[in-house]
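What follows is one structure encoded as structure tokens, with my remarks underneath.
Numbering (full-length UniProt numbering), first residue to last: 1 to 262.
Structural data, given as structure tokens:
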């Protein structure tokens, strides 16, 4: 008989006291143990944000996300709490940023225009399109397009955590994290959305794929990626912005198609 997989958690007695006995001292101890995780996520997300965004505010929202993670985490499933908590902390920080409306409307509109341009052109040509083609479609020079990318860079650092549709809570990145079982219909939709994400990543340029991989999977900061790729931080920021706008366009299109067929 195969033994069930044991949870790999530090301070298991604390988890048991909190989850089984609702011991508040145990919960406090868990919060204190994982506070460095809030600092890590906060520092990483603060890169590229406007100077008027307080890191203390980010950390405060992050702590709320950590507490939410400790409350909702099922320690018996054998999952890594750090991974689960990181998404909760990141989500709480993004919620705080969204409520603060820290991005000017004009910048959001530019990001939307570029996203729609990638979506339209890449669906038309069935390939990755160049900066020149995007610039022509937007009726701007390539230099102006580069400036637009610089302006919207801060909106793309968190963009995979934005809702797929304005009225929904499901995020693009949540498609990569299976937190709980879902109904069969949702699984079908999720399958096609993941497939769309994979196809979208395949259409990225080699450098864009490397940036996405290092940022979201290896969890390097944009400045660290710049050192690895021997490029300037501003160039890495541009590559990241273009990659995310391509992916957002691909996923938005797929989501609309699924909604029409529902």
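From the three backbone atoms N, C-alpha and C, an ideal C-beta is built for every residue, glycine too. Computed from a predicted structure; not experimentally measured.
Can you grab the Cα-Cα spacing for the pair residue i / residue j, in whole Å?
i	j	result
residue 89	residue 229	28 angstroms
residue 15	residue 80	13 angstroms
residue 55	residue 203	35 angstroms
residue 119	residue 23	51 angstroms
residue 250	residue 128	11 angstroms
residue 241	residue 21	47 angstroms
residue 65	residue 139	42 angstroms
residue 145	residue 112	13 angstroms
residue 170	residue 53	Bear in mind that the predicted position of residue 170 carries a pLDDT of just 44, short of 50, making it unreliable; the figure below should be weighed with that in mind. Between residue 170 and residue 53, the C-alpha separation is close to 25 angstroms.
residue 199	residue 143	29 angstroms
residue 107	residue 115	12 angstroms
Closest to residue i by CA distance: which of the options is it?
i	options	result
residue 216	44, 10, 28	44
residue 235	222, 244, 247	222
residue 82	128, 92, 41, 120	41
residue 93	139, 39, 227, 78	39
Classify residue i as helix, strand or coil using the three-state DSSP reduction.
i	result
residue 63	helix
residue 74	coil
residue 98	helix
residue 129	coil
residue 13	helix
residue 136	helix
residue 220	coil
residue 119	helix
residue 141	coil
residue 106	helix
CB-CB under 8 angstroms to residue i, same chain, minus the five flanking residues each way: which ones, in chain order?
i	result
residue 11	29, 30, 33
residue 46	53, 55, 58
So, for residue i: in the same chain, excluding its five sequence neighbours on each side, which residues have a beta-carbon less than 6 angstroms away from its beta-carbon?
i	result
residue 61	92, 93, 96
residue 110	148, 152
residue 212	243
For residue i, I'd like the list of residues in its chain whose CB is within less than 7 angstroms of its CB, leaving aside the five on either flank, ordered along the chain.
i	result
residue 18	26, 27, 30
residue 233	222, 223, 226
residue 149	238, 241, 242
residue 137	117, 121
residue 67	31
residue 141	135
residue 133	121
Taking 7 angstroms as the CB-CB limit, is residue i close to chain B?
i	result
residue 203	Among the chains of the structure shown, chain B does not appear; only one protein chain is present.
Below 8 angstroms, can you find three or more Cβ-Cβ pairs linking the segment 70-77 to the segment 35-42? Flag = no, the segment 70-77 and the segment 35-42 do not touch.
Any 3 or more C-beta pairs closer than 8 angstroms across the segment 76-87 and the segment 120-136: no
Stretch-stretch touch, CB-based, cutoff 8 angstroms, three pairs: the segment 238-250 with the segment 194-208: yes
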